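The structure appears right after this line, and notes come after that.
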Amino acid sequence: MQVLEGAFDGFRDGVLFANESGEIHLANDALLQKLGYQPDDLSESLIFTVNPHLTLLSWKKLWKNIQSGESLVEDIEYMHSEGALVPVKTTTRYQEIGGSTWAMINIEFLLDSQRYLHLLRATAETGNICSWELDLTRQELLLIGELKDLLGLPYEQNTFPIKEVKAAFADHISFEDIKKVQGLAGKLIGEGESFETIVLFNHADDGFERLHISAKAFRTDNFTSKLYGTISRAFKADSNTEEESYLSQFSLDHVSDLVFWVKNDGTISYVNQSTCDRLGYTRKELLELKTSQITTGLENSNRDIFWDKLRAKKHIEGKFNLRTKSGEVVTVLSSNNYLLYEGVEYNCAFSKDITAQEQENDQLKLTQFSIEHSHEMILWVQYNGTVFYANEAFRKKTKYDKEDIPQLNILSILENDELSGLKVDNWARLKELREFEMEAELWSKDDRPMPIYCTFNHIQYGTKAFICIYMRDWSRKKKRDVQLFLAQNALDSARDMIFWIDENLKIAYKNEAARSKLGYRKGELKGEDITKIYPGINLEKILAKESAEQFETEFRSKSGKAIPVEISISPAHFKGNRYSCMIVRDIQERKKNQQQLVERKRKIEELSLKLKDENVLLREEIYSNYNFNNIITKNKNYRNVLGQIAQVADSNATVLIQGETGTGKELLARAIYSLSDREDRPFIKVNCAALPENLIESELFGHEKGAFTGAVQQKKGRFELADKGTIFLDEIGELPLDLQAKLLRVLQEGEFERLGGTNTLTVDVRIVAATNRNLEEMVEKGTFREDLFYRLNVFPIANPPLRERKEDIPLLIKHFTQKYGKRMGKKIDKISQADIAELEKYDFPGNIRELENMVERAMILAKDGMLNLKASFDLVRESHRKGKDKKGFLSFEEMQKEHILEALKKCNMRVTGPKGAARLLELNDRTLMSKMRKLGIKREDYL
Numbered sequence: 054m055q056v057l058e059g060a061f062d063g064f065r066d067g068v069l070f071a072n073e074s075g076e077i078h079l080a081n082d083a084l085l086q087k088l089g090y091q092p093d094d095l096s097e098s099l100i101f102t103v104n105p106h107l108t109l110l111s112w113k114k115l116w117k118n119i120q121s122g123e124s125l126v127e128d129i130e131y132m133h134s135e136g137a138l139v140p141v142k143t144t145t146r147y148q149e150i151g152g153s154t155w156a157m158i159n160i161e162f163l164l165d166s167q168r169y170l171h172l173l174r175a176t177a178e179t180g181n182i183c184s185w186e187l188d189l190t191r192q193e194l195l196l197i198g199e200l201k202d203l204l205g206l207p208y209e210q211n212t213f214p215i216k217e218v219k220a221a222f223a224d225h226i227s228f229e230d231i232k233k234v235q236g237l238a239g240k241l242i243g244e245g246e247s248f249e250t251i252v253l254f255n256h257a258d259d260g261f262e263r264l265h266i267s268a269k270a271f272r273t274d275n276f277t278s279k280l281y282g283t284i285s286r287a288f289k290a291d292s293n294t295e296e297e298s299y300l301s302q303f304s305l306d307h308v309s310d311l312v313f314w315v316k317n318d319g320t321i322s323y324v325n326q327s328t329c330d331r332l333g334y335t336r337k338e339l340l341e342l343k344t345s346q347i348t349t350g351l352e353n354s355n356r357d358i359f360w361d362k363l364r365a366k367k368h369i370e371g372k373f374n375l376r377t378k379s380g381e382v383v384t385v386l387s388s389n390n391y392l393l394y395e396g397v398e399y400n401c402a403f404s405k406d407i408t409a410q411e412q413e414n415d416q417l418k419l420t421q422f423s424i425e426h427s428h429e430m431i432l433w434v435q436y437n438g439t440v441f442y443a444n445e446a447f448r449k450k451t452k453y454d455k456e457d458i459p460q461l462n463i464l465s466i467l468e469n470d471e472l473s474g475l476k477v478d479n480w481a482r483l484k485e486l487r488e489f490e491m492e493a494e495l496w497s498k499d500d501r502p503m504p505i506y507c508t509f510n511h512i513q514y515g516t517k518a519f520i521c522i523y524m525r526d527w528s529r530k531k532k533r534d535v536q537l538f539l540a541q542n543a544l545d546s547a548r549d550m551i552f553w554i555d556e557n558l559k560i561a562y563k564n565e566a567a568r569s570k571l572g573y574r575k576g577e578l579k580g581e582d583i584t585k586i587y588p589g590i591n592l593e594k595i596l597a598k599e600s601a602e603q604f605e606t607e608f609r610s611k612s613g614k615a616i617p618v619e620i621s622i623s624p625a626h627f628k629g630n631r632y633s634c635m636i637v638r639d640i641q642e643r644k645k646n647q648q649q650l651v652e653r654k655r656k657i658e659e660l661s662l663k664l665k666d667e668n669v670l671l672r673e674e675i676y677s678n679y680n681f682n683n684i685i686t687k688n689k690n691y692r693n694v695l696g697q698i699a700q701v702a703d704s705n706a707t708v709l710i711q712g713e714t715g716t717g718k719e720l721l722a723r724a725i726y727s728l729s730d731r732e733d734r735p736f737i738k739v740n741c742a743a744l745p746e747n748l749i750e751s752e753l754f755g756h757e758k759g760a761f762t763g764a765v766q767q768k769k770g771r772f773e774l775a776d777k778g779t780i781f782l783d784e785i786g787e788l789p790l791d792l793q794a795k796l797l798r799v800l801q802e803g804e805f806e807r808l809g810g811t812n813t814l815t816v817d818v819r820i821v822a823a824t825n826r827n828l829e830e831m832v833e834k835g836t837f838r839e840d841l842f843y844r845l846n847v848f849p850i851a852n853p854p855l856r857e858r859k860e861d862i863p864l865l866i867k868h869f870t871q872k873y874g875k876r877m878g879k880k881i882d883k884i885s886q887a888d889i890a891e892l893e894k895y896d897f898p899g900n901i902r903e904l905e906n907m908v909e910r911a912m913i914l915a916k917d918g919m920l921n922l923k924a925s926f927d928l929v930r931e932s933h934r935k936g937k938d939k940k941g942f943l944s945f946e947e948m949q950k951e952h953i954l955e956a957l958k959k960c961n962m963r964v965t966g967p968k969g970a971a972r973l974l975e976l977n978d979r980t981l982m983s984k985m986r987k988l989g990i991k992r993e994d995y996l
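When the letters of the sequence shown are read in order and numbered with this note's numbering, they come out as residues 54 to 996.
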């Protein structure tokens, strides 16, 4: 109501708001002044205070009438504060404001309005003028003068509804003139000040007459309540000549172009009404100005040059900038015509306002510039896939020239499974969706893939349809994603409890170990105060510390159990916020171990000699240089294999890796181990083909002292050593049938007995098996147990041979070159691409192992930094040729035998030791000796 009070205080008439009970809640200044009241006198008074004619019953009746939508108009008297009655005319309406209902009463004081009426009559009678006043609140027009006769309105009536007057004017004034007056009136109501204009009045049978309309606004507190002004007769055309002259003048005045008549000294002789309206001047104001005052760039010197050119050519067109009265710049396209009238030079200029067009052109240029120089790659593509446009960012990142763009097809440079469904006949999907997004690979001119994120938009331009594609280079994002993934996995797989706490000591992050060790469910600790699990925390010390610190304390589990821990806490700052990283290690076992240290030390010394062999074995496995990073590939099928590895690694499922010899099955097994949560536990490798049949059971399951001749002490088997870890059973197809049943029991129950023992041992071992044999055929032949096969074949992985991933050959050659270059102290700078291409044609029956041996041999033959692949490969082909000449095609075992004999010759017939053939072949000494026995290689074969 306070806002309304401020709005109505500027009204000449009185305004009063009362509620259904008759209580007055608002009375404006005009009402208070006319009735002699102070601002607070009527606050919360009843309506009967100012209207003595009302009773409670009549007020209720009045309320019902106005509630139905009626407006009640009455001529009555209101009570002055001194008791006098004041004649008024009231208009009462029903209003809903802010959820409340009100009776709004407009009070016209008849003494004042009659006085003003006499004033308007007096004005209308002088100079043949019609005077008028428009009440915006009542939508009524007060009209005094003879114009009422011209419009056919009752002369004795002074006030008319605005709709009635508008209908009367419509019979005599064109629609365009009415629309023009309405526009000027709307602007006047909003901005105040005044306006003048001329309209053509049609007397039907008596010709036309020009009427001059002037108007001003009555405003208080930036609110227009009334308009008032005059209407005068400007010109009447009685004869045809005069009418034609007038119509010509009228046409100039009302043409949409801006028309100027300008003399050569810059003075303005004529402007039309459109010029006045657009520049915001009256005609009188413009005729007092010179062109230099409203036109930029037409100072005296420029004006002289312009007139010389106009005299010579008689007609000039050009763009000019005009200034409006408010300072706005208006751009016009002007047609300037040289005229000589009664010895005076004139420029008759017809100017078209092109400001909006120029702004659109500027916006179009800016849009084109923005697209061309955008940091994002932008393509416009036709629906046949042809690239119509590519911006600078695309050309720069893909190294395509502008001339290359029309020859490109989007389906040949973008690679995505989803995109294959968007070929020429299937773009309807995009038309339906209008927009979709996806990740893809963009191939550059030099055949380099770039990970990108695309947004496809359907654009309809007239009758043509285009696809606008925004591409964002995601190379950095992909690297960050990998880093974040690895970091998150590292945190979640850590055995220590890890917390991030904010400056309010709230837990922002905790890893899986923290949740499980403290007995909480997922999500329970996030956002909780650290004191919930660390009640003894020194808050001031933590917040004041700016360097890393390590100490021992106690945590509380969910059940309330005290857990001794060791904390390493480090401060960190991120985006203006302070965090603390707490790495918490459970030291319960350490404390217990400290108490039992003496006893444990004695036992360790006692067992140290017994476990010497086992420790050597474990150390070999722990420090093995095979890991997931040694797997090198860009082959899509092999990437899928690595994807399977990543999927199965986190589980405890048994994995069966099948593939030819030399394809790197052990690398895949170690990758599974490295990515699993058993990474910090043992990885035990067993080559089932390399172990003698009489020792394989003892090797796998261990034996008791005296179990057989030579069993002088107890020995743990490989399964026992692999407890809580992973065991890799290589060449599982070579396992004897009688041991397959015992292995099946371990798989099913996790139980076995040592050879010669009676105690059942339980182990938790993750089994990864590998074979180059077809186990299904072996099952059919009865050489491999069917139930064991199904137990092993829970998650099969097929490891493709090198001949199916030949694009990896260059990468592997580079890798092996670096590997043996370090060993041999040789630096290789050049690798012949022709040699690589020749190797890519070779099928590599020995797979990656054969390629590695070939590269090692090429390193030995390398000179002057050039890898001699050709010479190495020629030796292989010569060996194959001789073998074929002598024996035909060699079997795999024959080829292995020849390879081992060749290695022995290189090592001066040494089998073991640092310079032995086992080291050259990268095999365990015992493994090589076992293979030699299996292949029938005797000392006389190589000595």
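Backbone N, C-alpha and C fix where the C-beta goes; we use that ideal spot for every residue, glycine too.
Since we're looking at a predicted model, the values are computed, not measured.
Beta-carbon separation (whole angstroms), residue i vs residue j, contact threshold 8 Å
i, j, result
"D783", "V818", "About 15 Å; that fails the 8 Å criterion."
"G770", "I901", "Contact flag wrong, Cβ pair sits at about 31 Å."
"I119", "T143", "The pair is not a contact, with the Cβ atoms about 11 Å apart (cut-off 8 Å)."
"A493", "N469", "4 Å"
"I640", "P617", "5 Å"
"L84", "L69", "6 Å"
"R364", "Y391", "6 Å"
"E370", "S387", "7 Å"
"I215", "E186", "Not really, about 12 Å apart at Cβ, beyond 8 Å."
"K531", "P504", "5 Å"
"I685", "L864", "5 Å"
Residues near residue i in its chain [Cβ-Cβ closer than 6 Å; skip 5 each side]
i, result
"I884", "L920"
"D82", "D62"
"V230", "Looking at the sequence provided, one finds Asp at residue 230 rather than Val. So the list reads V252, once near-sequence residues are dropped."
"I512", "F519, C521"
"A561", "W553, D555"
"V464", "In the sequence as presented, Val is not what sits at residue 464; that position holds Leu. G438, listed in sequence order."
"K289", "Legend: pLDDT at K289 = 47, less than 50; position of this residue unreliable, value from coordinates given subsequently. Here the set comprises E262."
Within 8 Å, strictly: CB atoms of residue i and residue j
i, j, result
"L728", "A706", "no"
"S267", "E249", "yes"
"N400", "I424", "no"
"N825", "T980", "no"
Neighbourhood of residue i by C-beta distance below 7 Å, restricted to the same chain and skipping five residues each side
i, result
"P849", "L709, Q711"
"I466", "L495, W496"
"H256", "E262"
"R692", "T686"
Close beta carbons around residue i, own chain, < 8 Å, minus the five adjacent residues each side
i, result
"G243", "T277"
"K452", "S497, K498, D499"
"F447", "M430, I431, L432, Y453, M524"
"L976", "K984"
"E130", "P105, H106, L138, V139, P140, V141"
"E338", "K378"
Which runs of the alpha helix (DSSP H) fall wholly inside the segment 188-258 and span at least 4 residues, in chain order? Complete alpha helix (DSSP H) runs here, min 4: 200-204, 215-223, 228-244.
When the Cβ atoms of the segment 414-427 are set against those of the segment 322-335, are three or more pairs found closer than 8 Å? no
Count Cβ pairs between the segment 631-642 and the segment 609-622 that sit closer than 8 Å; are there 3 or more? Judged by pairs of C-beta atoms under 8 Å, the segment 631-642 touches the segment 609-622, as three or more such pairs exist.
Taking contact to mean 3 or more Cβ pairs, one atom from each stretch, closer than 8 Å, check whether the segment 727-744 and the segment 862-876 are in contact. no
Considering only residues of the segment 775-812, which uninterrupted beta strand (DSSP E) runs meet the minimum length of 3 residues and lie entirely inside it, listed in chain order? The segment 775-812 contains these whole beta strand (DSSP E) runs: 779-783, 804-806.
Counting beta carbon pairs with one atom in the segment 848-863 and one in the segment 891-906, are three or more of them shorter than 8 Å? yes
Taking three-plus beta-carbon pairs below 8 Å as touching, is the segment 748-759 in contact with the segment 797-817? yes
Closer than 8 Å is the cut-off here; do at least three beta carbon pairs connect the segment 756-764 with the segment 787-798? no
Starting from the N-terminal side, write out each stretch of the alpha helix (DSSP H) that is 4 residues or longer and does not extend beyond the segment 480-525. The qualifying runs are 481-486.
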